[in-house]
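Q:
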Amino acid sequence: MNKQISFNQLFFAFSREVELLWKFTKTDLLVSVVSASIFMLVALFSAASVNLQSLAYFGLGLCYFIFYIYPFDISNQLEAIEEDRLNKPFRPLPSGLINEQGAYFRYYLGTAIYLILGAFLGVFYWSLLWVIVTYMLNLRGWDKNWITKNFVSMGLGTAAQLGAAWQIIGPFSNSAIIWISLISFWVALTSCTQDFRDVEGDRKTGRKTLPILVGDKKARIITMSFWAIMSLSVGIVYFQLQEGLFWLDLALILPALATHLYIMYRLWFLRSPKADGKTYLIQCLLYCYLLLLSVYIFL
2 MNKQISFNQL
12 FFAFSREVEL
22 LWKFTKTDLL
32 VSVVSASIFM
42 LVALFSAASV
52 NLQSLAYFGL
62 GLCYFIFYIY
72 PFDISNQLEA
82 IEEDRLNKPF
92 RPLPSGLINE
102 QGAYFRYYLG
112 TAIYLILGAF
122 LGVFYWSLLW
132 VIVTYMLNLR
142 GWDKNWITKN
152 FVSMGLGTAA
162 QLGAAWQIIG
172 PFSNSAIIWI
182 SLISFWVALT
192 SCTQDFRDVE
202 GDRKTGRKTL
212 PILVGDKKAR
222 IITMSFWAIM
232 SLSVGIVYFQ
242 LQEGLFWLDL
252 ALILPALATH
262 LYIMYRLWFL
272 RSPKADGKTY
282 LIQCLLYCYL
292 LLLSVYIFL
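Per this note's numbering, numbering of the sequence shown is gapless, rising by one per residue and ending at 300.
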């Protein structure tokens with residue numbers, strides 16, 4: 002009887018932790034766990050040989066990237082409880098599923114697990130970089146300024162994600178370093194796209210995002226120029242790294258370049274919180290495609 006009770010209690014506790022993890026992270030899994038998994042697969046395909054150890058490291062890498070995003074989202078939502086009561090009451094903190102003390106405990110525990118996994122997988126310095134960025138962004142005010150929020154934090158965070166994803170599987174190649182640097186800069190420059198979704202919410206919390214600083218119209222023009230720069234950069238670097246058939250290269254890169262143009266079109270002609278939210282989702286999908294596209298570079 003006692004064993005049955007203990008099992009039921011453990012199962013309930015485990016189920017609750019899984020529920021909390023899901024509710025904290027579900028909106029960010031695409032750009033964290035899914036995208037990192039794609040890039041780890043790219044590293045696997047490009048490796049000289051695939052063995053049981055590399056497959057085991059891939060599995061551990063999935064766990065690593067769950068804890069890449071879990072403490073980040075907890076700390077982010079801890080700083081936005083009042084805002085979430087109005088806009089996202091389904092989240093764990095405003096819904097009362099967990100209190101602030103419990104959230105802080107899971108933030109610190111999740112961070113410790115993340116660092117331990119990073120040390121075991123040989124990517125501790127990437128892990129430490131992301132922990133510092135998370136702390137400064139969510140708990141020390143870097144989210145209040147668009148440069149530190151987007152250009153610094155998102156750029157460094159992407160480098161920490163992709164650098165770790167590749168190095169978990171194997172050593173860097175020159176092409177991998179170039180592509181990781183390009184995509185990190187791509188994210189740094191274009192991540193202000195997300196700031197058009199909730200300008201009023203950002204204004205209430207004291208954030209100085211690009212639309213708030215320069216106005217909606219100028220911010221859209223600046224953001225579109227960023228997208229134009231990055232579309233050219235992606236195309237040029239892709240063809241510089243590529244040694245395959247030109248027409249096949251062109252067929253693979255064209256959807257990505259066309260999506261850059263489509264996002265620019267949406268930014269200018271489709272202006273509403275709902276439309277801007279969809280534009281940001283398209284950017285997240287494009288991010289995953291650019292990572293998937295790199296498999297052809299490294300083969």
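Glycine residues also receive a C-beta, built at the ideal position from the N, C-alpha and C atoms.
Here the structure is a predicted model, which means the values were calculated and not measured.
Jot down the residue ranges of each uninterrupted alpha helix (DSSP H) in the segment 241-279, minimum 4 residues, whole runs only, in chain order.
A: 247-270
Q: For Lys205 and Asp196, what's the separation of their Cα atoms in angstroms?
A: 14 Å
Q: Using the DSSP secondary-structure output, state which residues sit across from Lys209 in a beta bridge.
A: According to DSSP, which records beta bridges pairwise, Lys209 is partnered with Asn146.
Q: Kindly confirm or deny that the segment 163-170 and the segment 104-112 touch, where touching means at least three C-beta pairs closer than 8 Å.
A: no
Q: According to DSSP, is Val378 helix, strand or coil?
A: A query on residue 378 cannot be resolved here, the shown segment of the chain reaching from 2 to 300 and no further.
Q: Counting C-beta neighbours from all protein chains within 10 Å, is the total for Val19 16 or more, i.e. buried, or is it exposed?
A: exposed
Q: What distance in whole Å lies between the Cβ atoms of Ile264 and Gln284, which are believed to be in contact at a cut-off of 8 Å?
A: Right, the Cβ-Cβ distance comes to about 6 Å (below 8 Å), so this counts as a contact.
Q: Report back the beta-carbon spacing between Cys289 and Ile67 to the nearest angstrom; my notes put them in contact at under 8 Å.
A: Wrong, their Cβ atoms sit about 17 Å apart, outside the cutoff.
Q: Buried or exposed for Tyr266, going by 16 or more other Cβ atoms inside 10 Å?
A: exposed
Q: Contact check, Leu190 vs Ile230 under 8 Å by CB: the rounded distance?
A: 7 Å
Q: With distances taken from CA atoms, which of Phe91, Ala220, Trp143, Met155 is nearest Arg272?
A: Ranking Phe91, Ala220, Trp143, Met155 by Cα distance to Arg272 puts Ala220 first.
Q: Where do the ends of the alpha helix (DSSP H) carrying Pro93 lie?
A: 93-96
Q: Alpha carbons only, please: which of Ala252, Asp217, Leu233, Phe227 is nearest the one belonging to Asp277?
A: Asp217
Q: To the nearest angstrom, how far is the alpha carbon of Gly207 from that of Phe12?
A: Their Cα atoms are separated by approximately 42 Å.
Q: Mark Ala120 as exposed unless 16 or more other C-beta atoms lie within 10 angstroms of its C-beta, in which case mark it buried.
A: exposed
Q: What is the DSSP secondary structure of Val124, counted as helix, strand or coil?
A: coil
Q: Only counting the same chain, and skipping five residues up and downstream in sequence, which positions put a Cβ closer than 6 Å to that of Ser232?
A: Taken in chain order, the residues that qualify are Leu258, His261.
Q: If distances are taken between C-alpha atoms only, which option among Met41, Ile298, Leu293 comes closest to Ala165?
A: Met41
Q: Determine the closest residue to Lys275 out of Pro93, Ile133, Asp199, with distance taken between C-alpha atoms.
A: Asp199
Q: Hey, would you say Ser234 sits closer than 7 Å to Val43, going by beta carbons?
A: no
Q: Decide if Phe15 is buried, meaning its Cβ has at least 16 other Cβ atoms within 10 Å, or exposed.
A: Taking all protein chains in view, the Cβ of Phe15 is surrounded by fewer than 16 other Cβ atoms within 10 Å, so the residue is classified as exposed.
Q: Runs of 4 residues minimum, wholly inside the segment 17-71: which ones carry the alpha helix (DSSP H) assignment?
A: 36-47
Q: Determine the direct distance from the alpha carbon of Leu30 to that of Gly123, and round the result to whole angstroms.
A: 23 Å
Q: Sorted by chain position, which residues of the same chain lie with C-beta nearer than 6 Å to Met137's C-beta, five sequence neighbours on each side aside?
A: Trp143
Q: Do the CB positions of Asn77 and Asn139 come within less than 7 Å of each other?
A: yes
Q: I believe Gly111 touches Tyr71 by the beta-carbon criterion, under 8 Å. Please report the beta-carbon distance rounded to the nearest angstrom.
A: With 8 Å as the limit, Gly111 and Tyr71 qualify as a contact, their Cβ atoms being about 5 Å apart.
Q: Using CA atoms only, rank isn't needed, just tell me which of Leu292, Tyr297, Ile298 is closest to Val35.
A: Leu292
Q: Can Ser96 and Met155 be called in contact, C-beta distance under 7 Å?
A: No. Outside cutoff.
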